[in-house]
Amino acid sequence: MAVKKNRLGWIVAGLLLGILIAAIDNTIVATAMGTMIGELGGLDQFVWVTSAYMVAEMAGMPIFGKLSDMYGRKKFFVFGIVVFLIGSMLCGTAHTITELSIYRAIQGIGGGALIPITFTIIFDIFPPEKRGKMSGMFGAVFGIANLFGPLMGAYITDYWHWRWIFYINIPLGLLAFLLVVFFYKESHEHSRQKIDVWGAATLVGAVVSLMFALELGGNTYAWDSFVILGLFAAFAVLFIAFLLIERKAAEPIISYGMFRKRLFAASSAAALFYGAAFITAAVYIPIFVQGVMGGSATNSGLILLPLTLSSVVASQVGGMLSAKMTFRRIMVFSAVVFLLGMYLLATITPETSRTVLSLYMMITGFGIGFSFSVLSMSAIQGMDVRQRGSANSTISFLRSLGMTIGITVFGIIQRNDFNNQLAERLGGSGENMPANADPQQLLSPEMRALIPKPVMEKISAALSLSVEHAFLWALLPVFFALLSVSMMGAGRMQFAQEPSPAQSRTKA
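Dropping the structure here:
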């Protein structure tokens with residue numbers, strides 16, 4: 190799509206703001222949760238505040254991606270902004286934890302439209318030779334949002350009020366809305382096709398069942414409880430039904446044809462595995478710093494800065510290299526560096542200095558960063574205009590799914606290892622140890638002050654070893670990511686002149 194140069198800057202600014210607020214709201218509530226619960230109550234329901242957003246966002250991604258292919262990007266980007274802002278305003282006015290959870294789901298619906306469509310618009314408005322640079326920029330924003338969200342949540346809660354976590358979205362979102370509405374001019378020639386209602390319904394049902402099973406299992410309900418087993422069974426039935434429906438649908442939400450393309454299939458698998466390993470590093474490094482090194486919650490957020498900055502640099506470098514070499518070569522290098530970084534993190538001990546830990550984080554972040562930009566480009570490469578939204582939303586969906594599965598699986602590993610280590614070091618009596626110890630609560634400054642120093646040293650050692658083991662197990666998804674990207678083939682950025690969106694679409 191040809192866009193006047195004087196409009197491009199404004200469009201990019203609007204898109205950047207849109208993806209920033211949508212991505213950061215996935216993590217920003219984490220450090221404010223304690224304050225929210227203290228004011229709203231509902232300690233037994235707080236998990237829904239995060240789960241509702243993630244479920245709605247993930248369920249909406251493939252659907253909005255497909256709809257944007259059929260009826261245009263702009264209207265669904267605007268729809269996403271409007272719904273997201275409505276949800277943000279409602280979240281800021283919540284009086285109970287139940288209300289907040291419902292409003293977060295509304296936010297998530299908007300976020301599910303914003304994230305995949307933003308990356309797709311980049312491919313629509315920029316020629317191939319500029320897509321690498323722009324994808325690097327947007328990938329960097331996505332990485333910053335995921336890593337800085339908890340830190341921003343802590344700052345806003347401490348110095349303003351937790352409600353401003355949501356209110357701050359309103360001016361940013363309105364500005365993004367105005368910039369895109371006034372400067373992004375999209376073709377009005379779109380294809381009118383039958384919407385895959387049953388495919389959408391079974392996909393949403395499957396995602397909701399799986400997400401709730403992973404979020405509630407081991408916390409609210411036991412893994413072998415009727416509720417969790419029922420949710421997994423519902424996921425299996427609905428997912429199988431979705432696959433059968435998609436085989437016969439005229440315009441499927443997720444086309445099997447996309448997965449027949451080697452580059453897309455390998456990129457999709459890599460996104461899943463990168464997401465699982467990435468979230469493990471982002472969550473457990475702060476826990477290690479706070480619980481083992483004795484840092485505060487704010488300092489544990491700041492210490493992620495080396496990971497953040499190196500991933501931002503790698504995202505930009507990956508975008509630029511995409512114009513010069515194959516996607517496989519870039520991503521194999523990325524996965525090898527990521528593998529090295531995670532291995533080094535698996536060697537940390539209470540004696541590890543912050544300088545050494547920062548170096549390990551820089552290596553890990555540099556390996557992660559390439560995935561933010563390169564995988565989005567490789568997934569869309571070779572797709573026509575009517576498939577880009579669906580392709581990009583599928584990548585975003587799988588990355589988020591990987592993060593959810595990763596934090597659940599490795600969370601179980603770390604928690605069980607931690608409890609076993611505590612029982613071994615403190616003896617069967619568990620003297621001076623709170624029941625069902627949670628490292629994030631147990632190692633808060635207030636809790637630490639109540640625990641005798643000799644006991645605290647044993648707890649810190651147990652936590653250190655459990656985090657090391659979590660990082661060691663996280664090498665598995667990184668290894669599978671390396672296998673996935675090694676199968677990407679010789680695909681690279683194509684610079685041949687492409688047809689405009691209007692030419693690629695057929696009139697009804």
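If you count by the working numbering, then the sequence shown holds residues 190 to 697, one letter each, in order. Beta carbons: idealized from backbone N, C-alpha and C, even for Gly.
Distance between residue j and residue i (C-alpha atoms, nearest Å)
{"i": "Asn581", "j": "Pro641", "result": "52 angstroms"}
{"i": "Ala402", "j": "Leu420", "result": "6 angstroms"}
{"i": "Ser567", "j": "Ala245", "result": "26 angstroms"}
{"i": "Met550", "j": "Leu587", "result": "24 angstroms"}
{"i": "Asn625", "j": "Asn608", "result": "The predicted model places Asn625 with a pLDDT of 47, which falls under 50 and marks its position as unreliable; any figure quoted below should be read in that light. The alpha-carbon atoms of Asn625 and Asn608 are separated by roughly 8 angstroms."}
{"i": "Ser504", "j": "Ile333", "result": "11 angstroms"}
{"i": "Ile357", "j": "His350", "result": "11 angstroms"}
{"i": "Phe308", "j": "Ala612", "result": "48 angstroms"}
{"i": "Met482", "j": "Ala679", "result": "45 angstroms"}
{"i": "Phe527", "j": "Ile557", "result": "6 angstroms"}
{"i": "Ala663", "j": "Ser589", "result": "16 angstroms"}
{"i": "Gly203", "j": "Trp353", "result": "21 angstroms"}
{"i": "Glu440", "j": "Phe448", "result": "15 angstroms"}
{"i": "Ser398", "j": "Gly297", "result": "16 angstroms"}
{"i": "Val644", "j": "Gln610", "result": "13 angstroms"}
{"i": "Leu205", "j": "Leu368", "result": "11 angstroms"}
{"i": "Thr409", "j": "Leu498", "result": "36 angstroms"}
{"i": "Tyr473", "j": "Phe331", "result": "19 angstroms"}
{"i": "Val521", "j": "Arg575", "result": "29 angstroms"}
{"i": "Lys264", "j": "Ile226", "result": "37 angstroms"}
{"i": "Leu197", "j": "Thr216", "result": "30 angstroms"}
{"i": "Ile468", "j": "Leu418", "result": "25 angstroms"}
{"i": "Asp214", "j": "Glu435", "result": "31 angstroms"}
{"i": "Asn621", "j": "Gly406", "result": "With a pLDDT of only 48 at Asn621, under the threshold of 50, the placement of this residue in the model should not be trusted; the figure read from the coordinates follows. So the two alpha carbons sit approximately 28 angstroms from each other."}
{"i": "Leu289", "j": "Leu364", "result": "25 angstroms"}
CB of residue i within 9 angstroms of CB of residue j, strictly
{"i": "Gly338", "j": "Pro305", "result": "no"}
{"i": "Ile252", "j": "Gly276", "result": "no"}
{"i": "Phe355", "j": "Ile537", "result": "no"}
{"i": "Gly301", "j": "Gly249", "result": "yes"}
{"i": "Lys374", "j": "Gly571", "result": "no"}
{"i": "Ile443", "j": "Gly388", "result": "yes"}
{"i": "Ile237", "j": "Thr285", "result": "This sequence places Trp at residue 237; Ile is not what is there. The answer is no: Cβ separation not under 9 angstroms."}
{"i": "Gly362", "j": "Gly530", "result": "no"}
{"i": "Val674", "j": "Ala455", "result": "yes"}
{"i": "Ser324", "j": "Ser565", "result": "yes"}
{"i": "Leu340", "j": "Ala211", "result": "no"}
{"i": "Leu493", "j": "Ala471", "result": "yes"}
{"i": "Pro321", "j": "Gly591", "result": "Looking at the sequence shown, residue 321 is not Pro but Gly. No, they are not a contact pair."}
{"i": "Asp606", "j": "Leu654", "result": "yes"}
{"i": "Phe453", "j": "Thr391", "result": "no"}
{"i": "Ala221", "j": "Ile345", "result": "yes"}
Cβ neighbour criterion (16 or more within 10 Å) applied to residue i
{"i": "Pro623", "result": "Confidence at Pro623 is low in this model, with a pLDDT of 48, below 50, so the placement of that residue is unreliable and no value is reported for it."}
{"i": "Ser542", "result": "exposed"}
{"i": "Gly619", "result": "For Gly619, the predicted structure reports a pLDDT of 46, less than 50, and the residue's modelled location is therefore unreliable. The matter cannot be settled from this model."}
{"i": "Phe415", "result": "exposed"}
{"i": "Glu318", "result": "exposed"}
{"i": "Glu646", "result": "exposed"}
{"i": "Leu256", "result": "buried"}
{"i": "Val386", "result": "exposed"}
{"i": "Glu540", "result": "exposed"}
{"i": "Pro495", "result": "buried"}
{"i": "Ala425", "result": "exposed"}
{"i": "Tyr292", "result": "buried"}
Residue nearest to residue i in terms of C-alpha spacing, selected from the options
{"i": "Phe372", "options": "Met323, Gly227, Ser542, Val267", "result": "Val267"}
{"i": "Ser579", "options": "Met259, Ile552, Ala670", "result": "Met259"}
{"i": "Leu652", "options": "Gly680, Ala670, Gly600, Gly261", "result": "Gly600"}
{"i": "Ile270", "options": "Phe366, Asp347, Thr553, Val506", "result": "Phe366"}
{"i": "Leu461", "options": "Lys437, Ser523, Met247, Ile584", "result": "Ile584"}
{"i": "Thr282", "options": "Val481, Leu229, Thr497", "result": "Leu229"}
{"i": "Leu682", "options": "Arg293, Leu671, Met509", "result": "According to the sequence displayed, residue 682 carries Met and not Leu. It is Met509 whose Cα lies nearest to the Cα of Met682."}
{"i": "Phe273", "options": "Ile286, Leu533, Tyr242, His284", "result": "Tyr242"}
{"i": "Ile200", "options": "Arg293, Phe315, Thr287", "result": "Phe315"}
{"i": "Ala466", "options": "Thr593, Ile213, Gly328", "result": "Thr593"}
{"i": "Thr597", "options": "Ser240, Ile217, Leu205, Ser257", "result": "Ser240"}
{"i": "Gly554", "options": "Cys280, Leu399, Ser565, Ala524", "result": "Ala524"}
{"i": "Val667", "options": "Asp347, Leu364, Tyr463", "result": "Tyr463"}
{"i": "Thr515", "options": "Val563, Asp573, Leu534, Leu533", "result": "Val563"}
{"i": "Thr224", "options": "Leu279, Asp347, Gly446, Tyr292", "result": "Asp347"}
{"i": "Ile311", "options": "Ser649, Lys437, Ile569", "result": "Ile569"}
{"i": "Ser560", "options": "Phe428, Ser511, Asp214", "result": "Ser511"}
{"i": "Pro360", "options": "Gly595, Asp313, Leu209, Val396", "result": "Leu209"}
{"i": "Ala423", "options": "Ala411, Glu404, Ala438, Val396", "result": "Val396"}
Please list the segments of the alpha helix (DSSP H) lying wholly inside the segment 221-294, counting only runs of 4 or more residues, in order along the chain. 222-229, 236-260, 262-281
Of all the beta strand (DSSP E) runs that stay within the bounds of the segment 573-597, which reach a length of 3 or more residues? none
Uninterrupted alpha helix (DSSP H) stretches inside the segment 421-503 (no shorter than 4 residues): 445-448, 451-480, 486-491
Ignoring anything shorter than 4 residues or poking outside the segment 353-412, list the alpha helix (DSSP H) runs there in chain order. 353-356, 358-372, 386-405
If we require 4 or more residues per run, which alpha helix (DSSP H) segments fall completely within the segment 192-217? 194-213
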